[in-house]
Amino acid sequence: YGLKALLPLIRREDQSADYDPSMTLGIDLTPVLHSLGISSDANGRQRVLDTFPSPWVETSRSEVEPRFFIPESFTKIPNILQSGSNNPVFNSVQQDHAKISLFQDETLFYLFYKHPGSVVQELTYLELRKRNWRYHKTLKVWLTKDPMMEPVVAPGGASERGSYVFFDPQRWEKCQRDFVLFYNAIM
Amino acid sequence: TSQEKMFLVFTEWVKLLQRVPDDDIKVTVFIRQMMDKGVVNSTENVIQFTKAAIELSVGSFKESDPTSEVFIAADAFSKLIVKLLVLQTFTDVSRSEYLRLMLSVITMVFSEDQGMVGNSFNERPYFRLISSLLCQWEEASAHSFMKIQDQQYRNELVEFSPDFYNIIASFLHAFQPIAYPGFSFAWITLLSHRMFLPKMLRLPGKAGWSKLVLLFTDLLKFMAQYTKRSDVPDAVSVVYKGALRVFLAVANDAPGFLVENHYELLNNLPPVYMQLRNVILSAIPKNMVLPNPYDAELRIGDVESCQHVPNVYYDPVRDLKNLKKPVDNYLRIPSASLSRVVSTSLFKPGSQKDTGIGYDNVSVDTKLINAIVLHVGIEAALEKDKTTATAIFNTKSSYYTLLASMLHDGNTEVRFHVVQAIANQLRYPNAHTHWFNYVLNNFFLSEDWGNNTAEIQEIIVRTLLERVVTNKPHCWGIVVTFTELLRSSECSIMTLPFVKTVPEIEHIIKHL
Amino acid sequence: TMPAEMAAQLESSLLNCPDSLDADTPKLYQTPLSLPHPTSIFFPNET
Numbered sequence: 002y003g004l005k006a007l008l009p010l011i012r013r014e015d016q017s018a019d020y021d022p023s024m025t026l027g028i029d030l031t032p033v034l035h036s037l038g039i040s041s042d043a044n045g046r047q048r049v050l051d052t053f054p055s056p057w058v059e060t061s062r063s064e065v066e067p068r069f070f071i072p073e074s075f076t077k078i079p080n081i082l083q084s085g086s087n088n089p090v091f092n093s094v095q096q097d098h099a100k101i102s103l104f105q106d107e108t109l110f111y112l113f114y115k116h117p118g119s120v121v122q123e124l125t126y127l128e129l130r131k132r133n134w135r136y137h138k139t140l141k142v143w144l145t146k147d148p149m150m151e152p153v154v155a156p157g158g159a160s161e162r163g164s165y166v167f168f169d170p171q172r173w174e175k176c177q178r179d180f181v182l183f184y185n186a187i188m
Numbered sequence: 115t116s117q118e119k120m121f122l123v124f125t126e127w128v129k130l131l132q133r134v135p136d137d138d139i140k141v142t143v144f145i146r147q148m149m150d151k152g153v154v155n156s157t158e159n160v161i162q163f164t165k166a167a168i169e170l171s172v173g174s175f176k177e178s179d180p181t182s183e184v185f186i187a188a189d190a191f192s193k194l195i196v197k198l199l200v201l202q203t204f205t206d207v208s209r210s211e212y213l214r215l216m217l218s219v220i221t222m223v224f225s226e227d228q229g230m231v232g233n234s235f236n237e238r239p240y241f242r243l244i245s246s247l248l249c250q251w252e253e254a255s256a257h258s259f260m261k262i263q264d265q266q267y268r269n270e271l272v273e274f275s276p277d278f279y280n281i282i283a284s285f286l287h288a289f290q291p292i293a294y295p296g297f298s299f300a301w302i303t304l305l306s307h308r309m310f311l312p313k314m315l316r317l318p319g320k321a322g323w324s325k326l327v328l329l330f331t332d333l334l335k336f337m338a339q340y341t342k343r344s345d346v347p348d349a350v351s352v353v354y355k356g357a358l359r360v361f362l363a364v365a366n367d368a369p370g371f372l373v374e375n376h377y378e379l380l381n382n383l384p385p386v387y388m389q390l391r392n393v394i395l396s397a398i399p400k401n402m403v404l405p406n407p408y409d410a411e412l413r414i415g416d417v418e419s420c421q422h423v424p425n426v427y428y429d430p431v432r433d434l435k436n437l438k439k440p441v442d443n444y445l446r447i448p449s450a451s452l453s454r455v456v457s458t459s460l461f462k463p464g465s466q467k468d469t470g471i472g473y474d475n476v477s478v479d480t481k482l483i484n485a486i487v488l489h490v491g492i493e494a495a496l497e498k499d500k501t502t503a504t505a506i507f508n509t510k511s512s513y514y515t516l517l518a519s520m521l522h523d524g525n526t527e528v529r530f531h532v533v534q535a536i537a538n539q540l541r542y543p544n545a546h547t548h549w550f551n552y553v554l555n556n557f558f559l560s561e562d563w564g565n566n567t568a569e570i571q572e573i574i575v576r577t578l579l580e581r582v583v584t585n586k587p588h589c590w591g592i593v594v595t596f597t598e599l600l601r602s603s604e605c606s607i608m609t610l611p612f613v614k615t616v617p618e619i620e621h622i623i624k625h626l
Numbered sequence: 733t734m735p736a737e738m739a740a741q742l743e744s745s746l747l748n749c750p751d752s753l754d755a756d757t758p759k760l761y762q763t764p765l766s767l768p769h770p771t772s773i774f775f776p777n778e779t
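Chains A, B and C, in that order, give the protein sequences. Numbering-wise, our numbering comes out as the position in the first sequence, counting from 1, plus 1. Numbering-wise, our numbering comes out as the position in the second sequence, counting from 1, plus 114. Numbering-wise, our numbering comes out as the position in the third sequence, counting from 1, plus 732.
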């Protein structure tokens with residue numbers, strides 16, 4: 002019950018004999034707290050249990066949908082999307098296909114990135130092309146010509162250099178870039 | 115057969131939910147028809163239907179292609195349970211009894227499946243059923259059942275909601291890892307589920323805390339049972355890692371739960387888990403700012419929050435059993451005979467295996483010792499509020515002499531566990547931390563121990579040191595107390611024989 | 733010491749440990765627009 006009992010813990014070499022140090026003396030919790038999304042400064046305290054994916058990092062492979070509530074004001078919006086006095090709906094290909102053309106560019110980008118592998122991703126792709134946007138296969142971003150400047154086609158006609166407007170899905174904004182565009186890279 | 119009819123009804127339900135949104139009128143009509151046609155109108159039928167639904171849900175999981183939607187039936191079943199709870203009027207049975215009945219049937223099917231020969235049991239469909247049930251209930255109950263038009267009905271459901279969570283908790287208690295090891299990882303994931311744990315922590319009036327402590331105790335008991343010194347099975351160390359993250363998340367979101375339930379949690383925490391112990395004991399009330407414990411000018415008595423008595427959710431007096439009278443009588447009028455009654459009642463019949471740091475067996479009733487020590491601390495803090503500080507910050511006070519007599523009359527093992535119990539109270543600045551800091555300092559410097567002085571001092575140093583050499587977090591009260599001892603002018607720790615004879619320890623203390 | 737059968741059950745529980753996808757909110761009814769559709773392999777396939 003005295004101090005000598007602590008020696009197996011403190012001595013590094015003969016750890017295996019008695020105790021698993023990660024459970025007795027424990028570990029530096031910084032990475033564990035980081036994996037939980039807990040910031041070290043106490044006042045930055047965000048609740049983590051409401052979006053807790055799983056007790057283990059290895060099984061926390063994706064975010065989980067937290068508790069949320071859709072306020073009335075989000076669903077009861079009359080007179081938009083040709084809905085008249087009813088609530089707007091957007092859930093069937095036949096009726097709602099035409100509504101796609103009513104959406105702003107950003108809404109189309111949102112639907113395209115938020116619903117991968119779905120019908121709505123296909124529909125927004127077609128609509129954005131109609132608006133002269135093109136999807137870059139390797140950069141995985143949408144771009145369109147900068148209307149203020151005519152690009153210069155390279156000899157051989159496989160590419161052009163010019164000024165383009167890109168939509169950046171990380172920063173969620175359009176930005177202008179000078180760029181060499183290879184025609185086989187877009188769709 | 116009637117069972118096949120039940121299968122058919124449930125299959126139709128699953129198909130319907132895939133074709134229409136769940137707030138579609140057809141869904142309500144389906145439930146209505148189930149009620150009108152007597153599918154769930156008697157206990158017998160509810161049992162039959164539930165059995166059919168859970169068997170189909172688990173069966174379809176086992177038969178489905180793993181890459182497909184293997185949980186459709188389980189999700190549909192959880193939706194059905196919620197719809198039956200919300201849409202039916204309950205007259206001859208209560209909503210709670212109805213839910214308990216369905217969960218009991220599920221438990222029976224689960225037990226048979228789990229007990230099946232060999233290990234074909236798979237926890238995932240049962241996990242998903244409870245997980246989806248929690249999600250669907252959350253959706254139905256959002257904003258006090260906003261979707262229910264009838265006000266009286268809404269009130270009924272709002273009132274039932276805490277019961278819903280406590281009933282789920284009681285079934286989780288039945289499914290605990292010691293009872294169903296094949297469900298252990300699903301169980302821990304359900305305990306920490308985002309639609310369960312935060313709810314239980316925040317139910318009005320702490321209505322979920324008792325069951326939550328019970329579940330955390332189940333987890334700690336399971337870990338304690340199978341944590342030996344060296345060959346901890348891999349799966350148990352994975353359980354430990356999960357438990358550590360859950361406790362850290364609770365300490366972050368709801369520190370008050372750990373602050374008020376430290377006594378019960380520590381009664382079941384294996385002593386080898388020293389960092390987990392530090393995590394639980396280092397929890398501090400939200401928005402409390404701690405004074406720097408290393409500050410040489412710090413006087414614990416001057417810290418304002420040391421005047422406040424911390425709330426202890428479960429009163430340790432309930433664990434004193436037949437010692438309550440002798441202890442309380444002693445605190446009122448101390449007598450040698452009473453203190454002898456206390457000191458001789460601390461032993462357990464026979465010794466019990468319990469892996470600690472430096473010992474494998476325990477022959478004292480550590481839970482009783484924890485209860486006596488904390489009870490005395492609670493009474494002392496109350497006495498201070500009633501009378502004056504000198505009434506308890508006084509080595510002649512009955513509060514102090516009772517603990518001293520436990521050390522004096524006890525053997526080495528008793529002394530060790532009493533000092534550990536005191537150290538467990540050295541937490542954030544509060545009235546208990548303040549008084550136990552006083553007690554431990556005076557124990558360390560006291561001359562009343564005769565030739566047990568060195569032993570008692572060594573036990574005190576070891577108890578404090580083991581909590582300081584453990585990885586952070588460190589308890590504020592431990593650091594303050596240990597710093598005071600290290601700085602004590604009356605007794606330099608460095609000169610004590612038991613420190614000098616162990617070079618590594620001497621080196622660490624010198625460094626500190 | 734943990735009985736062998738119990739250790740085996742614990743092991744199988746570890747192997748079948750539910751992950752965050754198992755814990756996610758159930759989605760029974762998929763509107764036709766969010767039904768799976770063979771989009772181009774160049775499109776992002778993660779939200």
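Don't be surprised by glycine CBs; every beta carbon is placed ideally from N, CA and C. In this text, all values refer to a predicted model and were calculated from it rather than measured experimentally.
Bridge partners for residue i per DSSP, in chain order?
i                 : result
Arg130 of chain A : Paired residue(s): none; Arg130 of chain A is not in a bridge.
Asp179 of chain A : A:Ser164
Phe461 of chain B : B:Val478
Val153 of chain A : A:Arg162
Lys146 of chain A : A:Tyr165
Tyr473 of chain B : B:Gly470
Ile244 of chain B : Its beta-bridge partners do not exist; DSSP assigns none.
Ser119 of chain A : C:Pro768
Tyr136 of chain A : A:Trp143
Distance check for residue j and residue i, CA to CA, integer angstroms please.
i                 : j                 : result
Leu305 of chain B : Asp468 of chain B : 26 angstroms
Asp429 of chain B : Leu122 of chain B : 53 angstroms
Lys500 of chain B : Glu493 of chain B : 10 angstroms
Val360 of chain B : Ile39 of chain A  : 12 angstroms
Asp206 of chain B : Phe124 of chain B : 25 angstroms
Met149 of chain B : Val219 of chain B : 19 angstroms
Arg391 of chain B : Val582 of chain B : 12 angstroms
Ala537 of chain B : Ile414 of chain B : 16 angstroms
Arg576 of chain B : Gly472 of chain B : 11 angstroms
Asn525 of chain B : Val616 of chain B : 23 angstroms
Phe278 of chain B : Lys313 of chain B : 11 angstroms
Glu561 of chain B : Pro440 of chain B : 27 angstroms
Asp106 of chain A : His116 of chain A : 16 angstroms
Leu26 of chain A  : Pro764 of chain C : 55 angstroms
Ile139 of chain B : Met402 of chain B : 51 angstroms
Could you pull out every residue in the same chain whose Cβ sits closer than 8 angstroms to the Cβ of residue i, ignoring the five residues on either side in sequence?
i                 : result
Lys510 of chain B : none
Pro448 of chain B : Ser512, Thr515, Leu516
Met608 of chain B : Lys614, Glu620, Ile623, Lys624
Val350 of chain B : Met337, Tyr340, Thr341
Val532 of chain B : Ile483, Val487, Leu517, Met520, Leu521, Gly524
Looking only at its own chain, which residues have a Cβ that is under 6 angstroms from the Cβ of residue i, when we skip the five neighbours before and after it?
i                 : result
Lys197 of chain B : Ile145
Ser174 of chain B : Ala187
Asp332 of chain B : Gln290
Glu497 of chain B : Ala505, Ile506
Glu378 of chain B : Val327, Tyr428
Note down, in chain order, each residue of its chain lying with its Cβ closer than 7 angstroms to the Cβ of residue i, except the 5 sequence neighbours on either side.
i                 : result
Gln228 of chain B : Phe235, Tyr294, Gly296, Phe297
Asn425 of chain B : Glu374
Problem set entry | Cβ-based contacts, 7 angstroms cut-off: residues of the region 21-54 of chain A near chain B | Asp21, Met24, Thr25, Leu26, Gly27, Ile28, Asp29, Leu30, Val33, Leu34, Leu37, Ile39, Arg46, Arg48, Val49, Leu50, Asp51, Thr52, Phe53
Exercise. Which residues, taken in chain order from the region 287-308 of chain B, show a beta carbon closer than 7 angstroms to some beta carbon of chain C?
Worked result: Pro295, Gly296, Phe297, Ser298, Phe299, Ala300, Thr303, His307
For this session: Entirely within the region 44-94 of chain A and at least 4 residues each: give me those alpha helix (DSSP H) ranges in chain order.
Result: Within the region 44-94 of chain A, the complete alpha helix (DSSP H) runs of at least 4 residues fall at 73-76.
For this session: Taking only beta carbons into account, state which residues of the region 485-512 of chain B come closer than 7 angstroms to chain C, listed in chain order.
Result: none
Problem set entry | Entirely enclosed beta strand (DSSP E) segments - the region 182-229 of chain B, minimum 3 residues | Scanning the region 182-229 of chain B from its first residue to its last, no whole beta strand (DSSP E) run of 3-plus residues comes out.
Problem set entry | Cβ-based contacts, 7 angstroms cut-off: residues of the region 751-770 of chain C near chain B | Asp754, Ala755, Thr757, Pro758, Leu760, Tyr761
Problem set entry | Positions along the region 90-108 of chain A whose CB lies within less than 8 angstroms of some CB in chain C | Listed by position along the chain: Phe91, Asn92, Ser93, Val94, Asp97.
Problem set entry | Contact set between the region 205-225 of chain B and chain C, restricted to residues whose Cβ is under 7 angstroms from the partner | none
Exercise. Any residues in the region 733-753 of chain C with a beta carbon nearer than 8 angstroms to a beta carbon of chain B? Which ones, in chain order?
Worked result: Thr733, Met734, Met738, Ala739, Ala740, Gln741, Leu742, Glu743, Ser744, Ser745, Leu746, Asn748, Cys749, Pro750
For this session: Return the residues of the region 118-134 of chain B that lie within a Cβ-Cβ distance of less than 8 angstroms from chain C, sorted by chain order.
Result: Leu131, Gln132, Arg133, Val134
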